[in-house]
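Chains F and Y are the protein sequences, given in the same order. Sequence positions in the first sequence follow the working numbering and run 18 to 439. Sequence positions in the second sequence follow the working numbering and run 18 to 439.
2 protein chains.
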Amino acid sequence: MAATPLTTPNAHLLQKTHHSQSHAFLKPKTAFHYPTSRKPFSVSCSSTIQDRPSLQSQSQDRVFNFAAGPATLPENVLLKAQTELYNWRGSGMSVMEMSHRGKDFRSIIEKAEADLRALLNISEDYAVLFLQGGATTQFASVPLNLCQPDDTVDYLVTGSWGDKAFKEAKKYCKPKVVWNGKSENYMRVPSFDGLELSPNAKYLHICANETIYGVEFKDYPVPGNPNGILVADMSSNFCSKPVDVTKFGLIYAGAQKNVGPSGVCIVIVRKDLIGNAQEITPVMLDYKIHADNNSLYNTPPCFGIYMCGLVFEDLLEQGGLKEVEKKNEKKAGILYNAIDESKGFYRCPVEKSVRSLMNVPFTLEKSELEAVFLKEAEKEKMVQLKGHRSVGGMRASIYNAMPLAGVEKLVSFMKDFQAKHA
Amino acid sequence: MAATPLTTPNAHLLQKTHHSQSHAFLKPKTAFHYPTSRKPFSVSCSSTIQDRPSLQSQSQDRVFNFAAGPATLPENVLLKAQTELYNWRGSGMSVMEMSHRGKDFRSIIEKAEADLRALLNISEDYAVLFLQGGATTQFASVPLNLCQPDDTVDYLVTGSWGDKAFKEAKKYCKPKVVWNGKSENYMRVPSFDGLELSPNAKYLHICANETIYGVEFKDYPVPGNPNGILVADMSSNFCSKPVDVTKFGLIYAGAQKNVGPSGVCIVIVRKDLIGNAQEITPVMLDYKIHADNNSLYNTPPCFGIYMCGLVFEDLLEQGGLKEVEKKNEKKAGILYNAIDESKGFYRCPVEKSVRSLMNVPFTLEKSELEAVFLKEAEKEKMVQLKGHRSVGGMRASIYNAMPLAGVEKLVSFMKDFQAKHA
C-alpha cells in the first residue's frame, strides 16, 4: 500500500529537534496548484523542509507543563504520533485500530520491549509486562503474586504512594511498616543501617520517587531477609536515570510521568518469582498469565504502548539513561539553586541528599503570594505549578520531557517575582 | 493562547463526511511564498477547503478493516483526534499531557459521560464509570462487587466470552451455568422460557454479543430471582443499537469494538448495588471507589476516554442509536443475504434469529479456498477477515464504524470470488 503523505501542523519545528527522527518531513511537490484566481486551492502537504533556520524554542502555542502526571511528553514524540495517527507507516489504519495479534502491532510491542530492555539493561531473567490498571493495581498485584496471606513483608514508607501501597497490601499478606516518614512530613529517606528489617519478609517495598513531597532514593536498601527481594514503585522516576535492575525482584511504573500517556503500567519481574499467585488473584492481576502471553492475554492498551515505544526510541537516541540523567541533574540543579539562593523567599523542605530530580516542591515565605505566583506564571505559559492538594504550596515536576528551556524560564520568572515582591 | 493552526494529512477528505464537525479546515493564506527559484519553500497548513467536490470514498490509502477488536474507528473521529493531538483546543498541550484533575480533562470526561447518558438514556439511578483493565477485569469485578463468596449466580453461556466470565466468577462466588451452547457450537440463544434459573441467584449474566461465533441477543431474559439483576457484557455491541438500561443492574463494555481504542472499559451500574464489595477486592476493582471519585480515584486512561468522547459525539450527530441501528441492520442484511444466496458456497451456521449485526462468521464450502480468499481480499484492501483462531473460517466484523462501502465491497468481492471458483 502506498505510503500516506506525511504532514504535521508544526512542521516548522522539525529542524529544531536534536534528535534525528525520520518523521514528518515536507518536501515540495510539483503538484502544487498555484491560484490563478480567487478560487481556493488544494494543498497536499507532502514536502521536505530544507534549509530552515533551526528554532530555539518550541511552538509559541505550547505551554511549559509542570504537571506531575499525566505530564509533558517529548514534543518530537507527539509530533510523530500525530503524523502517524491516521495511517501508521502504510498499514492503512491507525495504531488504535490494529488487531493486537496482527503483525503490525506485534512489531510495535516487541520493539517497545526490546528498547526498554536496552535502556535499562534488563536481562532475560526478567519478564517485561505492559499492563493496564496503573500502579494502584500493582499495590494489590505485588502481594497477590509474591506472597501468601500469612507472609510478612516490609514497607519503607517515604511518602503518600508508599503509604497507599502498604494499605492495599494489608488485604493480601502481613505487611509491616519498617519506617514511616509521615511524622517528619516525609522530607527524608532514613539511613538503611538503622532500619529494623524483618528477617523473614518476602519482600521489602519502596517507592523510589515520591511525587508529592519530592523525595527520591539515590541508592537502595538491601532486604533484611537474604532470600527476600526488593520491590520498587518507580512510576515517577522510571527511565530518568540508569537503574541496576538486578538489585530488584520487581519494579513497577505507571507510564504517565516519564514514558508515555496514562493507561499503561510497566512491570519488570524476575521470572522465577512468577507462578504462585494466590487463588483469589483475578486473572488480569496474575503475572504468569501476562508473562506467558507476552502481555497479549487480552487486548492490551495498544496506543499507550505505542507511545511508550516512541519515547523509548527517543531516549535511546539521546544516548540512553546516562545522558538523560545528566540532563535531569542539570535541570534540577538550576531549580534547586534558585530556591537555595533566594535567601528564604523560596523554600524546599526536603533533605538535600534525597531531593527528587523529578518533582520539586517549594513554598513561598510569603504564602499569601502563592495564588499570584501561579497566576502570573500561567500568564507566562508555565502551568500546573500548584502543589499537590494534600500539601499546598508549589510544585514543579520536571520529568525527562520538560525542556531545559522550561526550567530556565521558570527560574527567571522566580527571580523576577522575588524582585517584584521582596 | 492563540489557537494552533489546524491541519490534517487527509484534508481532502473533510468534505466527504456527513457529519458537521468543526475540525480541520484549510483556508488559503496570503502568506504562501511562491518559488521564484529552485529553493524549497515553506508551507504553513492553515487553510480552509471550500467548494471541494464531496468524495464518495475514503482515502485511497485506508483499508477496510474487518478486525474484531481493536477495530476500525470512524474516520472523521481519527482525523479530528489527529488534528488536535499536539494542541487540544488552544490548551497548549496534548490530551495525553493533561492533568486528569485539571479543568480541560474534567470537561472532556464530563462531556463523554453526558453524551453516553444521552445516547443510552441512562438515568441518575446509574453510575457511569470509565475504568482500565478491559472486560476481562470485569469478569472478576462483577462477582467481587455484587456477591459474597457463598452467593449463587447464574451464567447463560452463548459463546467463549460468557464462558470465560463464568470461569473467573468461580473464584469469588458460586456460579451456575444455566445453559451452555458449547455442545451445539454456540450457534443459538435458548428460549428463555425453558431455562432453569436459580430462584436465589444474585444475578443472571449474559454476553449480549459473542464475537467468535457471532450470536447476539435480540431481547433479554428476566432473572429467576425477583430480587436478582441482569448483568450483561456488551463489549462487542455497545452503542450499536438502543438498549433499555433499566432492564439491567450492570452493563460493562470494553471500548475497543464500537466506541474507542483499547484501554477503556465502561461500566454502567445501578447505584444501589454499589458499596458491598468483598474485602479481598483490590481497590481498583471496587465500584464504590470509582463512583465516589467520578472515575478519577487514580489516573484514568485519559486519551482513550477522550477518543470515546469523540465517538459518542459522532453517534449523537448521526441521530443517536436508533439511526445507528438502522445502518447496522442494513449492512448486516447485505452481507447475510450474500451468504444466504450463495447456494451454499458461503455458509453461516448461526441460527438466523440471533445472527449478530456486529460479527459475521462464515465458512467456504470449499474450505481449501479460504487462504486464497483472504489473500485476494487483502489485495483489494479488505483485511482482518480471518476467523478467530479457535474457530477458523472467515469472520467479517462490521461494527458501527465499518462504512457501508466496506460491506458492499466485500459482498461484491465475495460474488466475484464465487464466480471465479465455483
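Glycine included, each C-beta is placed from N, C-alpha and C at the ideal position.
Among the CB atoms of chain F, one or more fall inside 8 Å of the CB of I297(Y). Among the residues facing chain Y, A157(F) is included, as its CB has a counterpart in that chain under 8 Å away.
Of all residues in the segment 312-325 of chain F, the ones placed with a Cβ closer than 8 Å to any Cβ belonging to chain Y are Y314, N315, T316, P317, P318, C319, F320, G321 and M324, in chain order. Residue pairing by DSSP places K193(Y) opposite D171(Y) in a beta bridge.
The closest CA to that of K181(F), considering only V94(Y), I139(Y), N315(Y) and K343(Y), is found on N315(Y).
Contact annotation: in the segment 93-107 of chain F, residues whose CB is within less than 8 Å of a CB in chain Y are L95, L96, A98, Q99, T100, L102, Y103, N104 and G107. Taking C-alpha positions only, L163(F) is separated from V286(F) by approximately 10 Å. Note that the segment 369-377 of chain Y does not touch the segment 392-400 of chain Y; fewer than 3 beta-carbon pairs, one per stretch, sit closer than 8 Å.
Under the 8 Å Cβ criterion, the segment 402-420 of chain F does not count as touching the segment 277-285 of chain F, having fewer than three qualifying pairs. Classified as buried, V300(F) has 16 or more neighbouring CB atoms from the shown chains inside 10 Å of its CB. From the listed residues V408(Y), N376(Y), Y363(Y) and V377(Y), the smallest Cα separation to F390(Y) is found for Y363(Y). Listed along the chain, the chain Y residues whose CB falls inside 7 Å of the CB of S111(F) are L90 and L95. Within the same chain, Cβ atoms closer than 6 Å to the Cβ of A272(Y) are found at V281 and C325, the five residues on either side in sequence being excluded. Taking the beta carbon of A270(F) as reference, no residue of chain Y falls within 8 Å; the closest one sits roughly 13 Å away.
The beta strand (DSSP E) runs lying completely inside the segment 347-382 of chain Y and spanning 3 residues or more are 376-381, given in chain order. Between M375(F) and P87(Y), the C-beta gap is not smaller than 8 Å, which leaves the two residues out of contact.
In its chain, beyond the 5 residues on either side, Y189, A294, Q295, T298 and L302 have a beta carbon closer than 7 Å to the beta carbon of L161(F).
About 17 Å separates the beta carbon of N202(Y) from that of N226(Y), a gap too long to meet the 8 Å contact definition. When CB distances to chain F are screened at a threshold of 8 Å, not a single residue of the segment 123-139 of chain Y falls below it. Counting only unbroken stretches of 4 or more residues, the alpha helix (DSSP H) elements lying wholly within the segment 85-147 of chain F are 92-101 and 120-137, in sequence order.
Burial is judged here by how many other beta carbons sit within 10 angstroms of a residue's own beta carbon; Q99(F) has at least 16 and is buried. Fewer than three pairs of CB atoms, one per stretch, sit closer than 8 Å, so the segment 121-134 of chain F makes no contact with the segment 145-153 of chain Y.
According to the DSSP secondary-structure assignment, R412(F) is paired through a beta bridge with P378(F). Nearest CB-CB separation between N254(F) and chain Y: not below the 8 Å threshold. Contact of Q273(Y) with chain F by beta-carbon distance below 7 Å involves T316.
Counting along the chain, G271(F) sits inside the beta strand (DSSP E) bounded by residues L267 to G271. Chain-order list of chain F residues neighbouring Q149(Y): Q149, G150, G151, T154, G280 and P318, by C-beta distance under 8 Å. Rounded to whole angstroms, the gap between the alpha carbons of I246(F) and L267(F) is 8 Å.
With distances taken between CA atoms, G337(Y) lies nearest to L137(Y) out of L137(Y), G410(Y) and V284(Y).
By the neighbour-count criterion, in which a residue is buried when 16 or more other Cβ atoms sit within 10 angstroms of its Cβ, S76(Y) is buried. Within the same chain, T175 come within 6 Å of G198(F) by CB-CB distance, once the 5 residues on both sides are set aside. Cα atoms of P240(F) and E340(F): separation of roughly 30 Å, rounded to the nearest angstrom. With distances taken between CA atoms, K128(F) lies nearest to D331(F) out of D331(F), K191(F), M113(F) and L212(F). Less than 8 Å separates the beta-carbon of G410(F) from that of F379(F). Nearest to S384(Y) by alpha-carbon distance, out of T89(Y), E346(Y) and Q435(Y), is Q435(Y). Identification of residues in the segment 374-403 of chain F having a C-beta nearer than 9 Å to some C-beta of chain Y yields K398, V400 and Q401, given in sequence order.
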